[in-house]
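*Asks:* Using the working numbering, read the sequence shown as starting at 136 and increasing by one per residue.
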Amino acid sequence: MALSTGLIFKFKIYRNIDYLFSPVEAQWKYEEQVFSDLWESRDDQFYPGKKVLRRQGLNLIAASVDGGSVLRLEQAEQFIRLLDWIANSTFIYNNTTHRYQDICLIFRNQCFANIHAFFLAKTFINGDQVRLNVTYPHFQSGLQSDFIDLSMTLGGVKTDPANGIIISASAWLISYQQKQQTHLLQEMGKTWETTMGQRIWRRETPTDLLNVYFFHSNTLEEELDEGNRRTMPKFVLTFIVLIIFSVLGTLTLTRKGRFVAIDWVISKPYLAWAGLLSTLLAIISAIGFGLLTDIVFIDMATVMPFLIISIGIDDMFLIVAAWRATDRIASVPDRMERAMTHAGVSVSMTSATDALSFFIGSMAPLPAVTQFCLYAAVAICFNYLYTMTIFLAIVALQGRWEEGNRHCITGQVTASDENISEATHYVRLFMIGSRPKKSNPMVLNVDSRRRVLAVSATDSRQWYQKFFEDYYAPILTKTTTKLLVFALFVIYLVVSILGITQLNVGFNWKDIVLKDSPARGFLDYSTAYFATDLKVDIAVNNPPDMGNPQQRKAFMKALEALENSPCSAGRFSTDFWYFAYGRHIERLGFGGAWNAMQFDDAVTVPFAEFILR
Numbered sequence: 136m137a138l139s140t141g142l143i144f145k146f147k148i149y150r151n152i153d154y155l156f157s158p159v160e161a162q163w164k165y166e167e168q169v170f171s172d173l174w175e176s177r178d179d180q181f182y183p184g185k186k187v188l189r190r191q192g193l194n195l196i197a198a199s200v201d202g203g204s205v206l207r208l209e210q211a212e213q214f215i216r217l218l219d220w221i222a223n224s225t226f227i228y229n230n231t232t233h234r235y236q237d238i239c240l241i242f243r244n245q246c247f248a249n250i251h252a253f254f255l256a257k258t259f260i261n262g263d264q265v266r267l268n269v270t271y272p273h274f275q276s277g278l279q280s281d282f283i284d285l286s287m288t289l290g291g292v293k294t295d296p297a298n299g300i301i302i303s304a305s306a307w308l309i310s311y312q313q314k315q316q317t318h319l320l321q322e323m324g325k326t327w328e329t330t331m332g333q334r335i336w337r338r339e340t341p342t343d344l345l346n347v348y349f350f351h352s353n354t355l356e357e358e359l360d361e362g363n364r365r366t367m368p369k370f371v372l373t374f375i376v377l378i379i380f381s382v383l384g385t386l387t388l389t390r391k392g393r394f395v396a397i398d399w400v401i402s403k404p405y406l407a408w409a410g411l412l413s414t415l416l417a418i419i420s421a422i423g424f425g426l427l428t429d430i431v432f433i434d435m436a437t438v439m440p441f442l443i444i445s446i447g448i449d450d451m452f453l454i455v456a457a458w459r460a461t462d463r464i465a466s467v468p469d470r471m472e473r474a475m476t477h478a479g480v481s482v483s484m485t486s487a488t489d490a491l492s493f494f495i496g497s498m499a500p501l502p503a504v505t506q507f508c509l510y511a512a513v514a515i516c517f518n519y520l521y522t523m524t525i526f527l528a529i530v531a532l533q534g535r536w537e538e539g540n541r542h543c544i545t546g547q548v549t550a551s552d553e554n555i556s557e558a559t560h561y562v563r564l565f566m567i568g569s570r571p572k573k574s575n576p577m578v579l580n581v582d583s584r585r586r587v588l589a590v591s592a593t594d595s596r597q598w599y600q601k602f603f604e605d606y607y608a609p610i611l612t613k614t615t616t617k618l619l620v621f622a623l624f625v626i627y628l629v630v631s632i633l634g635i636t637q638l639n640v641g642f643n644w645k646d647i648v649l650k651d652s653p654a655r656g657f658l659d660y661s662t663a664y665f666a667t668d669l670k671v672d673i674a675v676n677n678p679p680d681m682g683n684p685q686q687r688k689a690f691m692k693a694l695e696a697l698e699n700s701p702c703s704a705g706r707f708s709t710d711f712w713y714f715a716y717g718r719h720i721e722r723l724g725f726g727g728a729w730n731a732m733q734f735d736d737a738v739t740v741p742f743a744e745f746i747l748r
């Protein structure tokens with residue numbers, strides 16, 4: 136009860152994918168923090184087109200319903216209506232209606248609304264793509280010095296081989312990033328993303344010729360939460376199925392002549408309930424203990440109850456089987472002692488090895504594995520504690536009823552199975568119980584080939600024990616069975632080796648979202664048309680003074696080394712403000728001075744600073 140307070144007051148599922156599925160001290164976390172601190176912490180540093188990793192945002196992909204080009208007149212017009220619909224969208228936060236303009240990032244004194252995509256769609260509506268020389272993947276308009284990278288705006292592009300001008304495209308990709316300076320803005324941004332995602336999923340967009348798919352900052356969290364909601368009914372179903380199976384597994388039949396009845400004395404349905412109850416208490420205690428000791432609870436840990444239930448049921452059957460193997464004439468304390476002499480060792484050793492395995496697993500560098508293993512190990516320890524206390528106490532209480540020939544459910548004194556032929560139907564169905572003999576050995580009548588011919592009335596084995604001992608085990612000893620098992624093992628070995636050779640380490644976003652998730656369409660199109668986003672962002676700490684010839688030349692030499700590497704597409708793919716500024720200076724008529732500064736070591740630093748200003 137004390138440990139369960141952790142579930143009541145501190146339960147929270149942690150769903151930070153970056154934290155869970157990468158080492159705690161991963162180098163990339165430091166690198167990303169540099170970008171976060173220097174470019175993402177302040178919204179006035181926002182610049183459209185720059186790929187930002189941690190900023191909240193809504194990403195949309197629009198594709199034609201008929202699978203054709205999205206640059207056709209009607210499709211392009213509907214795409215512009217989609218942009219207007221999003222830019223003028225509203226949402227409710229804290230019972231107050233807000234607009235997208237309240238949370239949008241500002242660029243050049245206006246709310247950023249994918250103007251580059253709007254301009255491109257207008258170009259194709261007006262048929263100006265040839266006149267404006269709209270090439271792919273880089274396009275330079277007459278309005279700015281920077282090249283516009285269209286590879287992350289248009290997907291599935293076909294171009295004219297002669298001049299590289301875009302002919303058609305299969306999908307649009309647009310992004311909307313929000314302000315996040317304060318916690319209030321972050322929460323408002325999440326609400327807007329979720330609201331827009333729901334509207335798109337309900338097909339409220341003004342685009343009957345375009346299918347719109349979305350993926351936003353909270354998609355993965357919402358997917359994991361939805362997965363948990365779907366898991367809970369399965370957990371309840373699992374619990375019910377295991378109760379039924381366990382109860383049936385503890386029922387024992389007695390036979391007298393042609394009459395067969397349930398032996399309500401040695402059957403133990405309450406022990407099935409007790410085994411599941413102790414397991415359920417162990418799960419609650421483990422989660423409560425973990426939350427009270429600040430062990431992060433993650434979605435992966437929701438799988439832990441299924442594992443612990445199977446371990447708890449296994450322990451229960453081991454103890455019940457050991458109890459049935461004892462002599463019914465003996466006293467309850469003696470039977471408990473003898474039963475636990477055998478079952479106690481098995482339960483203790485399996486629990487210890489299972490818990491130790493998970494504790495070792497908690498040393499893994501991935502937090503997701505660490506947290507799951509910690510919760511599983513603690514749950515196994517609690518399961519062992521409750522099995523050896525609560526469950527054994529109930530075994531002893533049931534033993535007292537069995538000693539008094541009482542009904543295993545009601546506690547009433549049962550009718551002897553010796554009188555089963557004379558009993559009424561009610562008594563025969565619900566009140567028959569066997570009586571202990573002076574000795575209760577298991578007597579098997581077998582022939583010369585060790586086949587079981589008959590089992591004496593003193594045989595108290597369970598039905599599953601009889602199946603494995605009398606039927607399954609003899610089949611395994613046959614030569615044909617041995618050859619078949621050997622052949623199956625060889626097949627298993629071959630399949631296992633082939634499977635290991637195809638092992639892929641890591642995961643894809645599609646492996647996380649549900650199969651019927653609204654985000655799956657976005658991920659499918661993203662993989663098909665926008666999988667070429669291989670741009671590498673490089674942050675230069677302690678940057679050089681570009682007005683100093685020596686520092687500038689040293690930096691440019693390092694940059695050229697990166698551009699000439701086998702993984703680079705060369706200078707044309709480099710996005711660096713210095714080159715865009717050079718083109719801007721040339722347009723202003725100072726190209727000669729710029730070239731002199733760039734290539735002539737005699738240019739003084741003050742003059743270089745003047746040019747750069």
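A virtual CB, placed ideally from N, CA and C, is assigned to each residue, including glycine.
State whether the segment 235-248 contacts the segment 311-321, with contact taken as three or more CB pairs (one from each stretch) at a distance under 8 angstroms.
*Replies:* yes
*Asks:* Which ranges does the alpha helix (DSSP H) cover as unbroken runs of at least 4 residues, wholly within the segment 213-290, from first to last along the chain?
*Replies:* 250-260
*Asks:* Exposed or buried, which one is residue 750 when buried takes at least 16 other CB atoms within 10 Å?
*Replies:* Coverage of the chain is limited to positions 136 through 748, which leaves residue 750 absent and any answer about it impossible.
*Asks:* Buried or exposed for residue 333, please, with buried defined as at least 16 other CB atoms from any protein chain shown within 10 angstroms of its CB.
*Replies:* Under this definition residue 333 is an exposed residue.
*Asks:* Quick one: any contact between the segment 408-421 and the segment 444-452, if contact means 3 or more CB pairs under 8 angstroms?
*Replies:* Contact holds: three or more Cβ-Cβ distances are below 8 angstroms.
*Asks:* Assign residue 541 to one of three DSSP states: helix, strand, or coil.
*Replies:* strand
*Asks:* Report the three-state DSSP secondary structure of residue 389 (helix, strand or coil).
*Replies:* strand
*Asks:* For the segment 517-531 against the segment 466-473, are there 3 or more C-beta pairs whose distance is under 8 angstroms?
*Replies:* The way I'd put it, the segment 517-531 does touch the segment 466-473; three or more beta-carbon pairs between them come closer than 8 angstroms.
*Asks:* Less than 7 angstroms between the beta carbons of residue 414 and residue 378, yes or no?
*Replies:* With contacts defined by Cβ atoms closer than 7 angstroms, residue 414 and residue 378 do not form a contacting pair.
*Asks:* What number of angstroms, rounded off, separates the C-alpha of residue 593 from the C-alpha of residue 462?
*Replies:* The predicted position of residue 593 is uncertain, since its pLDDT is 49 and thus under 50; no value can be drawn from it.
*Asks:* Who does residue 293 pair with in a DSSP beta bridge?
*Replies:* Paired residues: 303.
*Asks:* Thinking C-beta only, is residue 221 closer than 7 angstroms to residue 308?
*Replies:* Cβ distance not < 7 angstroms, so residue 308 and residue 221 don't count as in contact.
*Asks:* For the beta strand (DSSP E) that residue 192 lies in, which residues bound it at each end?
*Replies:* 192-199
*Asks:* Suppose contacts are defined by Cβ-Cβ distances below 7 angstroms. Is residue 560 in contact with residue 549 by that definition?
*Replies:* Going by C-beta atoms, residue 560 is not nearer than 7 angstroms to residue 549.
*Asks:* If you count every other CB in all the chains shown that lies within 10 Å of the CB of residue 404, and 16 or more means buried, which is it?
*Replies:* With 16 or more other Cβ atoms inside 10 Å of its own Cβ, residue 404 counts as buried.
*Asks:* Answer yes or no: do residue 198 and residue 627 have a C-beta to C-beta separation smaller than 7 angstroms?
*Replies:* no
*Asks:* Which residues does DSSP list as the beta-bridge partners of residue 346?
*Replies:* The bridge partners DSSP lists for residue 346 are 198.
*Asks:* For residue 458, is the classification buried or exposed, using 16 other Cβ atoms within 10 angstroms of its Cβ as the cut-off for buried?
*Replies:* buried
*Asks:* Can you name the start and end residues of the beta strand (DSSP E) that residue 394 belongs to?
*Replies:* 394-397
*Asks:* Count the other CB atoms, across all protein chains shown, that sit within 10 Å of the CB of residue 749; report buried if there are 16 or more and exposed otherwise.
*Replies:* There is no way to answer for residue 749, as the model of the chain reaches only from 136 to 748.
*Asks:* What are the partner residues of residue 432, as DSSP defines its beta bridges?
*Replies:* DSSP lists 148 as partners of residue 432.
*Asks:* I need the straight-line Cα distance from residue 347 to residue 625, nearest angstrom please.
*Replies:* 50 angstroms
*Asks:* For residue 513, which residues in the same chain have their Cβ closer than 7 angstroms to its Cβ, ignoring the five residues on either side in sequence?
*Replies:* 421, 424, 425
*Asks:* Less than 6 angstroms between C-beta atoms, sequence neighbours within five positions excluded: which residues of the same chain meet that for residue 233?
*Replies:* For residue 233, where only same-chain residues beyond five positions count, the Cβ hits under 6 angstroms are 226.
*Asks:* Taking the DSSP output, what are the residues bridged to residue 308?
*Replies:* 196
*Asks:* For residue 516, count neighbouring C-beta atoms within 10 Å of its own C-beta (all shown protein chains included) and say buried if the count is 16 or more, exposed if not.
*Replies:* buried
*Asks:* Would you tell me roughly how many angstroms separate the C-alpha atoms of residue 680 and residue 692, rounded to the nearest one?
*Replies:* 14 angstroms
*Asks:* In whole angstroms, what separates the C-alpha of residue 432 from that of residue 191?
*Replies:* Residue 432 and residue 191 have their alpha carbons spaced roughly 24 angstroms apart.
*Asks:* Below 7 angstroms between beta carbons: does that hold for residue 720 and residue 729?
*Replies:* In this structure, residue 720 lies near residue 729, with their beta-carbon atoms less than 7 angstroms apart.
*Asks:* When you compare the CB positions of residue 436 and residue 507, do they come within less than 7 angstroms of one another, or not?
*Replies:* Yes.
*Asks:* I need the boundaries of the alpha helix (DSSP H) containing residue 525, first residue and last residue.
*Replies:* Premise fails: residue 525 is in no alpha helix (DSSP H) and is neither H nor E.
*Asks:* Could you check what DSSP says for residue 728 in three-state terms: helix, strand or coil?
*Replies:* helix
*Asks:* Identify the continuous alpha helix (DSSP H) that holds residue 475 and give its terminal residues.
*Replies:* Taken as a continuous stretch (DSSP letters only), the alpha helix (DSSP H) holding residue 475 covers 467-496.
*Asks:* Where do the ends of the alpha helix (DSSP H) carrying residue 329 lie?
*Replies:* 318-336
*Asks:* On the criterion of 16 or more Cβ atoms from any shown chain inside 10 Å, does residue 563 qualify as buried, or is it exposed?
*Replies:* buried
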